[in-house]
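Notes to accompany the following structure.
There are 2 protein chains.
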Amino acid sequence: MLMMTKKRSLMAKMKVDNCKKEIEVYLSSYFKDKGVYNKLIYEASSYSLNIGGKRIRPILLMLSYDLYKEDYSKVIPMAAAIEMIHTYSLIHDDLPAMDNDDLRRGKPTNHKVYGEGIATLAGDALLNESMIVMINFSLNHGEKALKASKIISEAAGAEGMIGGQVVDILSETKKSISEDELKYMHLKKTGELIKASIIAGAILGEAPKEDVEILNLFGIKLGLAFQIKDDILDVVGKVEKLGKNTKKDEHMNKCNFITMYGIEKCEVLCKTLTDECIELLNRLSVSATYLKTLTFNLLEREY
Amino acid sequence: MLMMTKKRSLMAKMKVDNCKKEIEVYLSSYFKDKGVYNKLIYEASSYSLNIGGKRIRPILLMLSYDLYKEDYSKVIPMAAAIEMIHTYSLIHDDLPAMDNDDLRRGKPTNHKVYGEGIATLAGDALLNESMIVMINFSLNHGEKALKASKIISEAAGAEGMIGGQVVDILSETKKSISEDELKYMHLKKTGELIKASIIAGAILGEAPKEDVEILNLFGIKLGLAFQIKDDILDVVGKVEKLGKNTKKDEHMNKCNFITMYGIEKCEVLCKTLTDECIELLNRLSVSATYLKTLTFNLLEREY
């Protein structure tokens, strides 16, 4: 169980808020004043990149780095690269040929504003830009940055996030999918990039090998808890808070944790995973107050 | 003017053929036996990656490296990364929301076989895979590989190929575009990745700085000549050789070099650019027989 004073909890909240603020300042100015004839690609990319969101992945990278090194501002480009990857995946996921969503974070989706062609290219541009950012960071920060880039790009790829999206698309045409397929889908689609954010931060912070292994397990469980909570909110959440239509998966006969286990079992599962996450963080060689608070907040969130 | 014996020309052809063969062996086995539930993404990616094509970009990288170092087999992964980027751009370009093409290299386009959702993801997966390949190569080959990766990823991005594609999409809604816009579009859409292939090869081969600068100019002119030749073939070429429908740009009222200058002027322009390319290659510190032959062949090609 977590023993934490009110003051500590408040400090943790401030830290997370600061991470979020810093990453958003970086992202909002990233494409500013860029482009000539191609200006529209920066406008479309910026639109989705700065539409809001929890910024979980970049915050996790920064907090994980912060366990071992001071001044997490130094790794903001790497944190931003992850958010670019996450954002591109949302733009492509929302396309009519994929999830066909009109609303994302309470605003029209990218293709609803810029058309499908530009939205496809904006997604491509964000994935490509994440590559440029990671390569430039690696040129300045050597091998540990390159290793972190490897973790991130593999997590985003066909064996990671994209692999999960493929199974997601395939599952829509099936009446039911196996428990193994469902777990695979979520571990890959949501979990891999969350896990990679944590490990990349630790590698950039030159964490001891044992800690990286613990954080790897922590990342898997956190990613799964995060996805189950998302599925729960999709059933019981409020549209105005979520900024997207709820029960969408159900309407589309999509398999998720709720349709597989029922809501009560999911709530227990989510709680158990969160406890296991805290347990793992307690085994690190350093104190992980901020990461613990973030873990609790992800479970308690309403959107 | 090029002075070359028949024997030299034959040797050059063999070299180019060998490069092509080696890159195709690498690409055809790259995704083999990969995947579990996500197997379809590898099937779809492989389909377009191994559908044929001239392999100009990887061959250029290998020949450019070959100017300075022996055993161009060593840089095959980097050459493959470029072909993955080129292939992803074709898959996305062919989508109904973009060029809406049913035929590519004489075969059904990716989305015609796998559907739009999987085709979008196959494109994403190939771009992402190129990133993984370049990062792994850089981990094994140090800074020069990372610098070459930077050149390639910037050429593929919003300031490069994607930027050109955006202007291409925008030009479709206009009645006419300016000469500057047309040049920008082609320099970026086709030219940047061709230029990057050449420069990346030279950097990997540790070419002297002066040579890299000459090859930069060579790359710009070659990319432009290549695109003008493509536009010419689009009007006068044979469907069975091109493997795609011709005069498509004209039907769609698209601006290209032919609609801008007329076919005769384009043929002169193409010839002039090729001569200038050879002139530049003559200024290198090393002999560039193979690159010269390839340059001539690109001008003389019928598809």
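Chains as they are written, first to last, in the working numbering: chain S, 588 to 890; chain Y, 588 to 890.
For each residue, glycine too, the CB sits at the ideal point set by N, CA and C.
Distance, Cα to Cα, residue i vs residue j?
i          : j          : result
Arg-870(S) : Glu-657(S) : 21 Å
Tyr-613(Y) : Ala-706(Y) : 22 Å
Glu-609(S) : Ser-615(S) : 10 Å
Cys-891(S) : Val-700(Y) : For residue 891(S) there is no data in the structure shown, the boundaries of chain S being 588 and 890.
His-838(S) : Phe-883(Y) : Confidence at His-838(S) is low in this model, with a pLDDT of 48, below 50, so its placement is unreliable and the value that follows should be read with caution. The alpha-carbon atoms of His-838(S) and Phe-883(Y) are separated by roughly 59 Å.
Leu-780(Y) : Gly-778(S) : 33 Å
Ile-739(Y) : Tyr-652(S) : 29 Å
Ser-676(Y) : Leu-811(Y) : 18 Å
Ser-725(Y) : Lys-600(Y) : 30 Å
Leu-860(Y) : Cys-853(Y) : 10 Å
Val-754(Y) : Tyr-624(S) : 6 Å
Ala-723(Y) : Lys-731(Y) : Sequence check: residue 723(Y) is Asn here, not Ala. Rounded to the nearest angstrom, the two C-alpha atoms are 13 Å apart.
Gly-806(S) : Tyr-629(S) : 32 Å
Ala-712(Y) : Gly-751(S) : 12 Å
Gly-824(Y) : Asn-843(Y) : 15 Å
Tyr-655(S) : Ile-790(S) : 10 Å
Arg-692(S) : Gly-639(Y) : 42 Å
Lys-694(S) : Asn-687(Y) : 28 Å
Ile-786(Y) : Val-799(Y) : 6 Å
Arg-888(S) : Arg-642(S) : 14 Å
Val-855(Y) : Val-822(Y) : 16 Å
Ser-736(Y) : Asp-862(S) : 42 Å
Leu-708(Y) : Arg-595(Y) : 44 Å
Ile-850(Y) : Ile-819(Y) : 7 Å
Tyr-659(Y) : Thr-880(S) : 53 Å
Asp-604(Y) : Leu-885(Y) : 14 Å
Leu-647(S) : Lys-796(S) : 18 Å
Does any C-beta atom of chain S lie closer than 8 Å to the C-beta of residue i?
i          : result
Lys-737(Y) : yes
Ala-666(Y) : no
Gln-752(Y) : yes
Met-718(Y) : yes
Ile-756(Y) : yes
Ala-787(Y) : no
His-838(Y) : Model confidence at His-838(Y) stands at a pLDDT of 48, short of 50, so the residue's coordinates are unreliable and nothing is read from them.
Comparing C-alpha positions only, which one of the options sits nearest to residue i?
i          : options                                           : result
Lys-619(Y) : Lys-607(Y), Leu-780(Y), Tyr-634(Y) and Ala-789(Y) : Tyr-634(Y)
Pro-683(Y) : Thr-696(Y), Met-671(Y) and Ile-672(Y)             : Thr-696(Y)
Tyr-649(Y) : Ala-709(Y), Ala-668(Y) and Ile-850(Y)             : According to the sequence shown, residue 649(Y) is Met rather than Tyr. Checked all of Ala-709(Y), Ala-668(Y) and Ile-850(Y); the closest Cα to Met-649(Y) is Ala-668(Y).
Met-847(Y) : Ala-783(Y), Lys-607(Y), Ser-872(Y) and Ser-763(Y) : Ser-763(Y)
Met-665(Y) : Gly-750(Y), Lys-621(Y), Arg-644(Y) and Met-685(Y) : Arg-644(Y)
Phe-813(S) : Ala-787(S), Ile-786(S) and Lys-775(S)             : Lys-775(S)
Glu-866(S) : Lys-594(S), His-679(S), Leu-802(S) and Ala-787(S) : Leu-802(S)
Asp-817(Y) : Ser-596(Y), Cys-857(Y), Gly-788(Y) and Lys-782(Y) : Cys-857(Y)
Tyr-617(S) : Gly-792(S), Ile-719(S) and Ser-596(S)             : Ile-719(S)
Lys-770(Y) : Arg-888(Y), Lys-641(Y), Ser-872(Y) and Ile-845(Y) : Ile-845(Y)
Leu-714(S) : Gly-744(S), Leu-885(S), Met-772(S) and Met-598(S) : Gly-744(S)
Ile-663(S) : Met-721(S), Ala-742(S), His-773(S) and Ser-758(S) : Met-721(S)
Glu-611(S) : Leu-636(S), Lys-621(S) and Leu-597(S)             : Leu-636(S)
Closer than 8 Å, CB to CB, is residue i near chain Y or not?
i          : result
Glu-630(S) : no
Asn-803(S) : no
Leu-791(S) : no
Ser-740(S) : yes
Asn-625(S) : yes
Ala-875(S) : no
Ala-599(S) : no
Leu-726(S) : yes
Leu-878(S) : no
Can you pull the chain Y neighbours of residue i, defined as C-beta to C-beta under 9 Å?
i          : result
Asn-723(S) : Lys-737
List the residues of chain S that residue i touches, going by C-beta distances under 7 Å, in chain order.
i          : result
Glu-703(Y) : Ala-684
Asp-711(Y) : His-679, Leu-714 and Ile-749
Residues of chain Y with a CB under 8 Å from the CB of residue i: which are they?
i          : result
Thr-707(S) : His-679, Leu-682, Ala-684, Met-685 and Thr-707
Leu-733(S) : Ile-722, Ser-725, Leu-726 and Leu-733
What does residue i reach in chain Y if we use C-beta pairs closer than 7 Å?
i          : result
Gly-744(S) : Ala-712, Asn-715, Glu-716 and Ile-719
Please list, in chain order, the residues of the segment 669-696 of chain S that have any C-beta partner in chain Y closer than 7 Å.
Result list: His-679, Leu-682, Ala-684 and Met-685.
What residues from the segment 769-785 of chain Y come within 9 Å of chain S, judged by C-beta to C-beta, listed N to C?
Flagged, chain order: Tyr-771, Met-772 and Lys-775.
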